[in-house]
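Numbering (this note's numbering), first residue to last: 167 to 397.
C-beta: ideal position from N, C-alpha, C; glycine also.
Reading through the structure tokens given below for one structure.
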Amino acid sequence: MRTTVVTIDGPAGAGKSTVAKQLAKRLHFSYLDTGAMYRALTLKALRAKVKLEDESALVALAKKTSIDFKEDPRQGLRVLLDGEDVSEAIRQVEVTNQTFYIARAPRVREIMVDWQREIGTKHNVVVEGRDIGTVVFPQATHKFYLDANFEERARRRIKELEEKGQNVEAEKLKQELKERDTKDMTRTAGPLKKADDAVFIDSTDLTAEQVVEKMSERIKGHKVSESQGRK
Ligand code: DC
Numbered sequence: 167m168r169t170t171v172v173t174i175d176g177p178a179g180a181g182k183s184t185v186a187k188q189l190a191k192r193l194h195f196s197y198l199d200t201g202a203m204y205r206a207l208t209l210k211a212l213r214a215k216v217k218l219e220d221e222s223a224l225v226a227l228a229k230k231t232s233i234d235f236k237e238d239p240r241q242g243l244r245v246l247l248d249g250e251d252v253s254e255a256i257r258q259v260e261v262t263n264q265t266f267y268i269a270r271a272p273r274v275r276e277i278m279v280d281w282q283r284e285i286g287t288k289h290n291v292v293v294e295g296r297d298i299g300t301v302v303f304p305q306a307t308h309k310f311y312l313d314a315n316f317e318e319r320a321r322r323r324i325k326e327l328e329e330k331g332q333n334v335e336a337e338k339l340k341q342e343l344k345e346r347d348t349k350d351m352t353r354t355a356g357p358l359k360k361a362d363d364a365v366f367i368d369s370t371d372l373t374a375e376q377v378v379e380k381m382s383e384r385i386k387g388h389k390v391s392e393s394q395g396r397k
């Protein structure tokens, strides 16, 4: 079966998750949060006290790991690490700040990419991440790159954490966000980069609904022009 894949890449805090979930719902597609996979493997490595600098050890760990997603009617999408629900645990600051070890390891990324492609060949799916339009699904039907200015992305992250009841030091968070941006954009393997054929959307002054609307319009417009092209 040929599936339709929509890719959304962009930096932390650009609004990818909110938008990707809403868009998937609207299109009746599945939703894949690839960042959750990198986070889940980081959590497992931390718990197992695997040296995060040791790529071979990370590869061995990845090979004996299963990461699944399950839709819960009340709580939404849940992330399962070897069957355990780790949806909250993978959002801890400690995990967030150490995920770059997994993300920078080329051989671990290859395993992640294989998992992601397997999902994308089975379902119509909206996939969000950093390298989805460039590396994972370069042939995707629709590609978006979502960004927002730094202050706005930091503001959103702070709001999100405060809503979860966490105490946030704004300056520290900004520093961490800046470091994560640099690491995401400068690593050799699968860096965050806009695919040449991705549509760029700046969400700084837009609500999630407005971004979803823009994406839906592009997707619909694309279908029209494709069918016109075939006539
Ligand atoms: O989207 P997120 O913040 O949950 O992602 C966490 C980290 O995972 C991010 O800082 C970099 C990494 N990541 C990646 O390297 N490639 C992806 N496709 C998705 C996430």
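Which residues DSSP lists as bridging Arg346, in chain order: Within the DSSP bridge table, the entry for Arg346 names no partner.
Cutoff 6 Å; reference Thr200; Cβ partners in own chain excluding five residues on either side: Hits under 6 Å: Gln282, Gly295.
Which of helix, strand or coil DSSP assigns to His308: His308 sits in a strand when the DSSP states are folded into three classes.
Span separating the alpha-carbon of Val225 from that of Val274: Taking the straight line joining both Cα atoms gives about 5 Å.
DSSP-derived helix/strand/coil call for Met381: Three-state result, Met381: helix.
Contact test: Ala202 Cβ vs the ligand DC heavy atom, cutoff 7 Å: Within 7 Å of the C-beta of Ala202 there is at least one heavy atom belonging to the ligand DC.
Secondary structure of Asp199, DSSP reduced to three states: Three-state result, Asp199: strand.
Heavy atom of the ligand DC within 7 Å of Gly295 beta-carbon: Checking every heavy atom of the ligand DC against the Cβ of Gly295, one is found closer than 7 Å.
Classification of Ser391 by the beta-carbon crowding that lies within 10 angstroms, buried from 16 upward: Note on Ser391: pLDDT 46, under 50, position unreliable in the model; the coordinate value appears next. By the neighbour-count criterion, in which a residue is buried when 16 or more other Cβ atoms sit within 10 angstroms of its Cβ, Ser391 is exposed.
Ile174 Cβ short of 7 Å to the ligand DC heavy atom set: No, Cβ of Ile174 sits at least 7 Å from all heavy atoms of the ligand DC.
Residue ranges of each alpha helix (DSSP H) within the stretch 176-243, 4 or longer: Inside the stretch 176-243, DSSP marks whole alpha helix (DSSP H) runs of 4 or more residues at positions 182-193, 200-213, 221-229, from first to last along the chain.
Residue of Ser382, Glu326, Ile233, His289 minimising C-alpha distance to Phe195: Taking each of Ser382, Glu326, Ile233, His289 in turn and checking the Cα distance to Phe195, the smallest one comes out for His289.
Where Ala336 falls, given that 16 or more other Cβ within 10 Å makes a residue buried: Burial call: exposed.
Buried versus exposed call for Met278 [16 or more other C-beta atoms within 10 Å across all chains shown]: So Met278 counts as buried.
Near the ligand DC: Arg324 beta-carbon under 7 Å from a heavy atom: Before going on, a small fix: residue 324 reads as Ile here, not Arg. In this structure, the C-beta of Ile324 stays at least 7 Å away from each heavy atom of the ligand DC.
Local Cβ density within 10 Å of Gly331, reported as buried at 16 or more and exposed below that: With fewer than 16 Cβ atoms within 10 Å of its Cβ, Gly331 is classed as exposed.
CB contact flag (Ala306, Thr184, <8 Å): Result no, Cβ atoms of Ala306 and Thr184 do not sit closer than 8 Å.
The stretch 300-317 touching the stretch 170-177, judged by at least three CB pairs closer than 8 Å: Yes: at least three Cβ pairs fall under 8 Å.
Length at least 4, wholly inside the stretch 235-285: the alpha helix (DSSP H) runs in chain order: As far as the stretch 235-285 is concerned, its whole alpha helix (DSSP H) runs of at least 4 residues are 259-269.
N-terminal and C-terminal residue of the beta strand (DSSP E) that Phe366 is part of: First-last of the beta strand (DSSP E) with Phe366: 365-368.
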